[in-house]
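Encoded as structure tokens, the structure appears first; notes follow it.
Numbering (the numbering used here), first residue to last: 80 to 326.
Written as structure tokens, this is what we have:
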């Protein structure tokens, strides 16, 4: 992409769709390029459902961004307690070491740490390292045990597999219950407003009344009520963008 504007991102995704096929559901973060009106309009034209993930969702890079902030925060706390220095860069190694030993409670894995996932074993603390230093071999050459290496690889893969399952087994909460629509229902097209506050929450409705012709997953095929026999007037809308018309 030449830049990270909404138009560049949109045309890049559309080019990928032209080459590999349309995307039914596109999961993305809440960046400005993905929340722009131009991006939403083009995705709505091709019938792609855009799902916005939270800042700290494992589908986005929110955990990495949160970890960077945590590293800086821990580094400043360490620097504050060590000689009162304002320069925290020289304590970044210790801060990363502490964060690697922190349990992954965000992912629902309180018994695992990032160190466990990376190396397949528990991280040794400073006290344990000092006790083991007296029991090490005096020779600089370390004997490699092939059987022990294979067991370590199996343990590491088992931990990674547990993390993979935990990412897919979590429940996803839906913000609003989707309406149950069927062919023949009369609906109005809803457009949310960009205004802040309560004025933006109201949105606006279409002047025409539409009739549902077909339902394909989350995509509805609509025709105006007075032009149901004309296939040229058919439009596609996401199920979240329609409201039942009761009159």
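Where a beta carbon is used, it is the ideal one built from N, C-alpha and C, also for glycine.
- Within the same chain, Cβ atoms closer than 6 Å to the Cβ of residue 202 are found at 180, 194, the five residues on either side in sequence being excluded.
- Taking C-beta atoms as the reference points, residue 128 and residue 112 fail to come closer than 8 Å.
- Secondary structure note for residue 98: its alpha helix (DSSP H) is the uninterrupted segment 85–99.
- For residue 300, the pairing in a beta bridge is given by DSSP as 293, 315.
- If you draw a straight line from the Cα of residue 313 to the Cα of residue 283, it is about 21 Å long.
- Distance from the CA atom of residue 233 to the CA atom of residue 297, rounded to whole angstroms, is 42 Å.
- Only residues of its own chain outside the window of five on either side were considered, and among them 188, 191 have a CB closer than 8 Å to the CB of residue 241, listed in chain order.
- Straight across, the Cα-Cα distance linking residue 270 with residue 124 is about 15 Å.
- Looking only at 237, 151, 116, 106, the smallest Cα-Cα distance to residue 133 is reached by 106.
- Assigned with DSSP and collapsed to three states, residue 128 falls in strand.
- In this structure, residue 318 sits near residue 299, with a CB-CB distance shorter than 8 Å.
- Residue environment: residue 122 is assigned as buried (16 or more neighbouring CB atoms within 10 Å of its CB, all protein chains considered).
- Residues of the same chain with a CB within less than 8 Å of the CB of residue 257, apart from the 5 flanking positions on each side, are 297, 318, 319 in chain order.
- Residue 89 counts as buried, since at least 16 other C-beta atoms from the protein chains shown sit within 10 angstroms of its C-beta.
- Around the beta carbon of residue 272, fewer than 16 other beta carbons lie within 10 angstroms, which makes this residue exposed.
- 260 is the residue among 230, 304, 260, 175 whose C-alpha sits nearest the C-alpha of residue 293.
- The alpha carbon of residue 85 has as its nearest neighbour, out of 199, 322, 94, 116, the alpha carbon of 116.
- Under DSSP, residue 284 shares a beta bridge with 269.
- In summary, residue 289 is buried, with 16 or more beta-carbon neighbours lying within 10 Å of its beta-carbon over all protein chains present.
- The alpha-carbon of residue 118 is positioned some 38 Å away from that of residue 153.
- Relative to residue 175, the option among 198, 150, 197 whose CA is nearest is 150.
- For residue 184 and residue 98, the gap between their C-alpha atoms comes out near 40 Å.
- Under the 10 Å beta carbon count, residue 92 is surrounded by 16 or more other beta carbons and is classified as buried.
- For residue 321, the pairing in a beta bridge is given by DSSP as 268.
- For the pair residue 237 and residue 156, the Cα-to-Cα distance works out to about 35 Å.
- Annotation: residue 201 is outside any beta strand (DSSP E) and is labelled neither H nor E by DSSP.
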